[in-house]
Each structure stands twice: as structure tokens, then as C-alpha cells.
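S.K.:
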Amino acid sequence: MAWGGEPTHVDADLGNEDLGGALTSAFAGGMIIGAPLTATLSLRWPRRRALLVFLVVFILVHVVGAVTTDFDVLLASRGVAALAYAGFLAVGLATATGMAGPDARGRAASVLLGGITLACVAGVPAGALLGQLWGWRSAFWAVAVVSVPAVVAILRSVPAGAPDAAAPGARRELRALRRPRLLGYLLLGALVNGATFCTFTYLAPLVTDVTGYGTDRVPVLLALFGLGSFAGVTLGGRLSDSQPMRLLVPGGLALLAGWLLFAVAAEHASVVFLLVFVQGTLSFAVGSTLVARALYAAVDAPSLGGSFATAALNAGAAVGPLLGGAAIGAGLGYRSPLWVSALLVAGASWQRDSPGRCAAGSGPTRPGRWSPPSAGRGRRVGYP
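Heads up: the sequence shown begins at 1 in the UniProt record's numbering, then just goes up one per residue.
Here it is as C-alpha cells:
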């Protein structure tokens, strides 16, 4: 996340305004393809080894990026860093949910995703500040240094045992990932995440040109969004295992209403200030719960299920800003990404083939907890 404020500094240093965008695109592309690819390649590795390999590679390529003066090397380092990060996140998700037990996948996923949202809150402004003070290379060094304690944490906390010999192979896991219910969850997650990043990628010009905030207020609003995201992930973790319906149905409808209200009232500073937090909370509460339900639906793909959930979120995060940028480029103004976000969530809400229920055995079944009925008819409302 520390890279978020650096593309403009790279442009200034290397003398080409397109280079920073190319580096960002390389990382985004690597994230989308990297999660399923690296998770498949490391399927038979002990999970501690896989986490350590991905993390060490991540550290090393940031060192390379910090010292190189060649743009092609820098570009390659961003691509490799994305592959390593995607692999680490996918295996980390599988490891966390496996260690937490079969009835706590949502809580475990929320802890991991909560770390990512905190990284957004701290990493983006920290990276921008480092770039301003000591140049963009200092952010690369900082990423490498702060990743070292994670190596120690993995060695101390993740069991070193060999892979389970009874675990399904790659072909069996890939077959399990073709289930319509799981694919529906992944599509919904991509749409919700796409809506989130469609708007918040362009939050700065939106709040300065439409709302009338000064540029000094933009970091405050971004931090507010990050805090809302963390609150949403925490809420999702508390409900996604036991009572997902209580969050997904009203949360999905509230998310749609929030984007519509945001679009209509974007010139009102007090409303925008409130909705930045509320939409961050709702987006990540619904999104993290969809990830949890995808993990339950992918019970026969314990290693690859998390990687495909990660890829779906990354695809949404990549496509959403493209759609928002296209709307702005078409002359519709900086308010237009809000309408696009509303359309994406509306598409999720009316997705006919969405997974209204988890198959028997794919979720918690203890007394007093949400016990999903067997697979049946599709539902019109997309939030299951």
C-alpha cells in the first residue's frame, strides 16, 4: 500500500509522466493472475514454506526496485512483487481459515482483510510522505524493512508440518471451483469491490471539484474511508460465520442506497463526510462476508478457494477504476463514478444466478447458528 503515493514521484524522477501508471498497472495485473497461479504452483508445499518463499521474494524485489536505475528492471520488479504478494495473500487466507477451524472461516478471513485495510490507512499516506521527504526509493526500502518481522511471525506461528496427504489435488480443487454457487459469490464480490474502487479511486477530484473541499482535506477523507473499511471488515467477521443473511441483504440494499445518495448529494460537504465512512463500512462489510461465503462454498478447494476469492476482489479493484475513468473521460464529470458504482451494486443485487444458499456442509451447522438449506432454486436478489 505504500506504493499508492509514489507513481507521481517516479514520473518526476524518470522524466516520463506515463511510467508511474505503467508500474501501477503491472502490479494490478500481477495481482489478478498471480493469486490462482501461485497458489496452484505451491499447492503441494507446506504452507509455512510457501508463505516464507513468497514473503522473501517480496522483500528482495523491493530491494531491487530501490537500487535499480533501469525502468525495465523496475517494471519487472513490480510484476514479481505482485505475484509474490498475491501468492502470500492466497496462501495466508487458506492458512488462517484452516487454523481457525471449519466454523470460523469468516472471522479468520476478516482478521487478514482487516490487516489489509489498516495497511491502506497507514501505508498510502506513509508512502507518500516518504516519497516527499527522501524520494520514492525510500518507500521501497521501508516496505522491505517492515516485512522482515513478518518472516519471524510466520516462523513462530505457522506449523511446519508437511502438506496433508489426503488433501485434494489441483484437478479436484479446480473442478470444485466451477460450482455455480461459488462462481456467483465471486462475481458478487468483484462487483461490490469494483463499485468501491470505482468511486474512491477518484475521491480527491470528486471532493475538491464537486463538494468544494480543499486539497488539505483529502487525506482526512481517505483516512476516514480506511477507518470505515476496517469497521466493515470487523463487522463482517462477526456475522459472516453465523448470520450472513442479517448483513448481506440489508447491507447490500443500504450500499446501493448509499451510492445513490452520494451521487445526488455530492455537493453537500457534511453528507459527503458521513458517506465516505458509511460507504467504506458497508462496502467492506458486504465484501468480506461474500469472501467468507465463497470460502464456505469452496470447502472442497481449501487451497485454491482463497486464491480465486482474492483474484475476484482484485479484478473488481482493477475494472472499477477503469469504468469510473471512462465515465469521466466521456465528459460526465467527477460525479459520474458514483453513478457507475450504484449501477455495479444494482447489478449485484439483481444477479439472477447468485448463490442464495450454501450447500449443506459448507457453513456452520451448530445449534443456534445459521444452517443453510440444501441447494435449490436461484434467487432474484443477489445478496444471499
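Positions of the beta carbon are idealized from the N, C-alpha and C atoms, including for glycine. Quick caveat: nothing in here was measured; it's all calculated off a predicted structure.
With three or more C-beta pairs closer than 8 Å as the rule, is the segment 179–198 touching the segment 307–324?
M.R.: yes
S.K.: Alpha carbons only, please: which of 324, 279 and 348 is nearest the one belonging to residue 198?
M.R.: Taking only the C-alpha atoms, the option nearest residue 198 is 324.
S.K.: Secondary structure at residue 226, three-state DSSP: helix, strand or coil?
M.R.: helix
S.K.: Give the single residue among 65, 90, 130 and 322 whose Cα lies nearest to the Cα of residue 112.
M.R.: The shortest Cα separation from residue 112 among 65, 90, 130 and 322 belongs to 90.
S.K.: State the Cα-Cα distance for the pair residue 265 and residue 200, rounded to the nearest angstrom.
M.R.: 16 Å
S.K.: Check each candidate in 53, 318, 172 and 124 and name the one with the smallest Cα separation from residue 224.
M.R.: 124
S.K.: If you drop the 5 nearest sequence neighbours on each side, which residues of the same chain put their C-beta closer than 6 Å to that of residue 305?
M.R.: 295 and 298.
S.K.: Where does residue 70 fall in DSSP's three states?
M.R.: coil
S.K.: Would you tell me roughly how many angstroms separate the C-alpha atoms of residue 134 and residue 300, rounded to the nearest one?
M.R.: 48 Å
S.K.: Compare the Cα-Cα distances from residue 273 to each of 40, 48, 86 and 203 and report the closest residue.
M.R.: The shortest CA-to-CA distance from residue 273 to any of 40, 48, 86 and 203 is the one to 203.
S.K.: Compute the distance between the beta-carbons of residue 55 and residue 303, then report whether it is under 7 Å.
M.R.: no
S.K.: Tell me whether the beta-carbon of residue 334 lies closer than 7 Å to the beta-carbon of residue 255.
M.R.: no
S.K.: May I have the straight-line CA-CA distance separating residue 386 from residue 114, to the nearest angstrom?
M.R.: Past the edges of the chain, shown from 1 to 384, lies residue 386, and the structure says nothing about it.
S.K.: Hey, how far is the Cα of residue 233 from the Cα of residue 330?
M.R.: 34 Å
S.K.: Taking the alpha helix (DSSP H) that residue 160 belongs to, which residues open and close that run?
M.R.: Careful: residue 160 lies outside any alpha helix (DSSP H) and carries neither H nor E.
S.K.: Let me confirm a value: residue 78 is counted as buried when at least 16 other C-beta atoms fall within 10 Å, else exposed. Which label applies?
M.R.: buried
S.K.: Tell me where the alpha helix (DSSP H) around residue 185 begins and ends.
M.R.: 180–200 is the span of the alpha helix (DSSP H), which, as asked, contains residue 185.
S.K.: Give the single residue among 82, 75 and 222 whose Cα lies nearest to the Cα of residue 28.
M.R.: 82
S.K.: Is residue 150 helix, strand or coil when you go by DSSP?
M.R.: Of the three classes helix, strand and coil, the one that applies to residue 150 here is helix, per DSSP.
S.K.: Whose C-beta lies closer than 6 Å to the C-beta of residue 269 among residues of the same chain, with five residues either side of it excluded?
M.R.: 211
S.K.: Go ahead and pull the three-state DSSP assignment for residue 306.
M.R.: helix
S.K.: Residue 7: buried (16+ other C-beta within 10 angstroms of its C-beta) or exposed?
M.R.: Low per-residue confidence applies at residue 7: pLDDT is 47, beneath 50, and the placement is therefore not dependable, though the value from the model is reported in the following sentence. Per the 10 Å Cβ criterion, buried.
S.K.: Any heavy atom of the ligand MN closer than 6 Å to the beta-carbon of residue 252?
M.R.: The model depicted lacks the ligand MN and carries no ligand whatsoever.
S.K.: Write down the C-beta distance between residue 109 and residue 97 rounded to the nearest angstrom, noting that I regard them as a contact closer than 8 Å.
M.R.: 6 Å
S.K.: Is the separation between the beta-carbon of residue 285 and that of residue 258 shorter than 7 Å?
M.R.: The beta carbons of residue 285 and residue 258 sit no closer together than 7 Å.
S.K.: At the level of alpha carbons, what is the spacing between residue 229 and residue 159?
M.R.: Looking at the two C-alpha atoms, the distance is approximately 30 Å.
S.K.: I need the straight-line Cα distance from residue 130 to residue 217, nearest angstrom please.
M.R.: Taking the straight line from one Cα to the other gives about 19 Å.
S.K.: Suppose you measure from the CA of residue 86 to the CA of residue 62; what does that come to, to the nearest Å?
M.R.: 15 Å
S.K.: On the DSSP letters alone, give me the boundaries of the alpha helix (DSSP H) that residue 250 sits inside.
M.R.: Going by DSSP, residue 250 is part of the alpha helix (DSSP H) stretching over 244–264.
S.K.: How would you write the range of the alpha helix (DSSP H) that residue 292 sits in, first residue to last?
M.R.: 269–297
S.K.: Using DSSP with H/G/I as helix, E/B as strand and the rest coil, what is residue 209?
M.R.: helix
S.K.: Let me make sure I understand the geometry here. Which of 41, 140, 93 and 118 has the alpha-carbon closest to that of residue 58?
M.R.: 140
S.K.: DSSP three-state call for residue 221: helix, strand or coil?
M.R.: helix
S.K.: Could you tell me the alpha carbon to alpha carbon distance between residue 132 and residue 94, rounded to whole angstroms?
M.R.: 37 Å
S.K.: Quick one: grab the DSSP three-state call for residue 81.
M.R.: helix
S.K.: Check whether the Cβ atoms of residue 308 and residue 36 lie closer than 7 Å to each other.
M.R.: yes
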